[in-house]
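Just so you know, we're using the numbering used here here: the sequence shown kicks off at -6 and counts up by one.
Backbone N, C-alpha and C define an ideal beta-carbon position, used for all residues, glycine too.
Just so you know, these numbers come straight off a predicted model, no measurement behind them.
Okay, so here's the structure we're looking at.
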Amino acid sequence: MTTVERPRIVGAGTDRVDGPLKVTGAAPYPNDVSLPGMAHAAVVRATIASGRITRLDTGTAESAPGVLAVLTHLNAPRLGSGPESLLRTPPPPLQDDRILSYGQYVAVVVADTPEQARAAARRVEVGYERAEPLLDLDDPRAERVADPWDSDASWGDVAAGLARADAVVDASYTTAENTNNPLGLFTTLAAWDGDALTVHDSTQWPVLVRATLARMFGVPEAGVRVLVPYVGGGFGAGLRVWPHVVLAAMAARRTRRPVRLELARPEMFTGIGHRPATAQRVRLGATRDGRLTAIEHESVSTLSIEGDNIEPCSSVSTTAYACPNVSTRDQQVRLNIPWTNSMRAPGEAQGNFALESAMDELSYMLGLDPLELRLRNYAEVHPRSGLPWSSKALRECYEVGADRFGWARRGAEPGSMREGDWLVGYGLAGVSYFWYQAPCRARATVRGDGTAYVRSAVTDIGTGTYTVMTQLSAELLGLEPGSVTFGLGDTGMPPGPQAGGSGLTAALGNAVHAACRALLRAFLDLAGADPASPLAGCGADDVTVTDGRIHRAGEPGRGESYTGILAAHGLEELSADGDSEPRRAEEAGMAPAGPFGARFVEVRVDPELGRLRVARVVSVIDGGLILNEKLARSQIIGGTVGGIGMAMFEETVTDPGTGRIANATLGDYLVPVNADVPDLDVTFVGVPDAYNPVGVKGVGEIGLVGMAAAIANAVFHATGRRIRSVPITIDDLL
Ligand code: MOS
């Protein structure tokens, strides 16, 4: 039954099972769902960043055509708070007159059509008493808080390590705020039936949406159903239950109509979180021959007034290199800005930029090849615990990447490579991504017609969960993928975790593994009850399933089919649940490894015009067992484009006077377009990971990480100019 050891179906570049539905427009995203009698909501947002509401005039809006209700803090119901969670849920909206950030909701208008709702929303008049907003990361008046994940670490003696170093890098790096821009506009459609609530929502975590709405509205959780079979991208934006979700449910309850609330793009910039800005300081000490004697990494990132955020920037320095003296610390500064939140590779993206830039600086200081410096400090075991990694093929990532890229052709001196008027630069970065896995449950059913249905209340945010779990289920159940349906996105299914932290494929894959194994045992129990069965006395490890037929391992003639066993017992179907729980590292005797990667980048810089082009990217990734190479490659490619965005384009600009986001449209917020993205070469290396039975490591986020440093390092190699701040813009290069 542990067929993933010799996979037949997994690994193959199977097309997306939901591909035809998506390209024909038949896949229902949350904003595609309509219900009879549905009304529409539009939000009104604060135009100050700090202060109080002193006046609200909703009369004109209320009498506008089609308007059903206008809710403000003066007439909205008082709601409870959300549940305790990994990520704090924003408090319910419209509960008081305080304004903590520009764009905070101050009213919601419900009308028969979206146009009527938006038109009336513009006629809600709000008066404010302004306070001076805190908007600057360096503002000494702003409250500083410690990292909430307790991930600060220190071992050895950093001061002593720096004192005995032959070379010391001491450098500061900054990264800009970025905004998640999933193409799908976040939408909530809420419909009440008494105390029962059905919600279609753009979320990465349906189970959390259910728990949150139940608690806020004081209704039984069992009566709340959240549906999200498709979501148009997440990147972390769907990890929290945002105030607009609550507004939709509030509006539906008040108007006794189903209500759809679809955010407009500018509202996405203030309403669904964004990547914080960071200021980081890295100190590295090393001996003349390039052995690290100390790493100190400190980070300060932006935070909203009432929010929390997991942004473990400096943690990258606890896993990346073998070093006897390490100290890391993350702090966050409370500002009058919309909530900061996870955005693909939270913390890692910014922390890696600082660490891998500093390593590059050290390599030039020592006169060592940047690749050689990384190999000399290779962490053979987990640097802090000393435990062996559950898997690690980073060395192979470097070797294969250097070979595919042609790293050996690199001239050692900055500015030594040219092509015509362009300066050519080679840069690289290593990536040791964190490990994360949450508990998950799945249910597997084989039906009388020989087909299977496997499901869990998780989401597929475009990463390919439907497809890889169909493949894995088929593999484990001994069926063809065409006979297996995977279901998700419905809280009526067994509970699963968020699609986040690059942890879902492992968590869900292992739950599916457990469910399929439990189902096989259930079939064996049934068959074994008959002493004449060829399967009598067999345990799960004694059998194999081929084409829906369970037989003794190595004896295809001695067995029974799923359908035969069901028919013999008069059953229409048989189901079993399976759970996965992350193990503890100490008990497992190994350090759970996330994915590893190496990024090699060639840039061209036009020194006259300050133009920067990425010419080539070679990525080599250790993701453990790859369930579907085509989809995994797609994740790395998408992440790489995001990394080019972070390095060269993306910056959420806050007006320093008002706190308004000045570029909250896709016309003004720059992202890479096709012309900015060269051919991206992606290779996978490594072996199935030993920490979990399926052997996968998540690859949803690592594709973004390392690009900022690799590009900045290549810019240094091309020009001799060290850029310590992203995005890198033309004026940095003139
Ligand atoms: Mo990811 S930022 O954990 O959705």
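Which word fits residue i, buried or exposed, when buried means at least 16 other C-beta atoms lie within 10 angstroms of its C-beta?
i	result
residue -6	For residue -6, the predicted structure reports a pLDDT of 39, less than 50, and the residue's modelled location is therefore unreliable. A value from the coordinates is still provided. That one is buried.
residue 360	exposed
residue 649	exposed
residue 173	buried
residue 120	exposed
residue -4	With a pLDDT of 42 at residue -4, under the threshold of 50, the modelled position of that residue is not reliable, and no figure is offered here.
residue 106	exposed
residue 503	buried
residue 562	exposed
residue 88	exposed
residue 17	exposed
residue 68	exposed
residue 615	buried
residue 310	buried
residue 75	buried
Looking at residue j and residue i, is the spacing between their C-beta atoms short of 9 Å?
i	j	result
residue 33	residue 46	no
residue 196	residue 239	no
residue 141	residue 303	yes
residue 553	residue 526	yes
residue 81	residue 323	no
residue 155	residue 286	yes
residue 728	residue 612	Outside the displayed span of the chain (-6 to 727) sits residue 728, for which this structure offers no information.
residue 351	residue 152	no
residue 625	residue 677	yes
residue 1	residue 468	yes
residue 183	residue 251	yes
residue 434	residue 487	yes
residue 242	residue 210	yes
residue 700	residue 610	yes
residue 641	residue 602	no
residue 221	residue 191	no
residue 253	residue 31	yes
Just the C-alpha distance for residue i and residue j, rounded to the nearest angstrom, thanks.
i	j	result
residue 571	residue 706	46 Å
residue 591	residue 402	18 Å
residue 655	residue 41	13 Å
residue 117	residue 52	8 Å
residue 703	residue 420	5 Å
residue 585	residue 422	22 Å
residue 459	residue 130	41 Å
residue 147	residue 138	18 Å
residue 545	residue 560	20 Å
residue 223	residue 517	36 Å
residue 508	residue 12	26 Å
residue 537	residue 446	20 Å
residue 384	residue 587	8 Å
residue 378	residue 495	22 Å
residue 618	residue 92	48 Å
Classify residue i as helix, strand or coil using the three-state DSSP reduction.
i	result
residue 357	helix
residue 667	helix
residue 245	helix
residue 198	coil
residue 176	coil
residue -6	Per-residue confidence for residue -6 stands at a pLDDT of 39, beneath the threshold of 50, marking its modelled position as unreliable; the derived number appears in the next sentence. Correct three-state label for residue -6: coil.
residue 265	coil
residue 382	strand
residue 310	helix
residue 210	helix
residue 343	helix
residue 154	helix
residue 709	helix
residue 488	strand
residue 555	helix
residue 291	strand
residue 181	strand
Smallest Cα separation from residue i: which of the options?
i	options	result
residue 547	556, 534, 131 and 697	534
residue 635	36, 355 and 175	175
residue 319	346, 122 and 290	290
residue 358	280, 445, 500 and 325	280
residue 189	600, 203 and 513	203
residue 29	79, 185 and 307	185
Do we get a CB-CB distance below 9 Å when we pair residue i with the residues of chain B?
i	result
residue 295	Any reference to chain B falls outside this structure, which holds one protein chain only.
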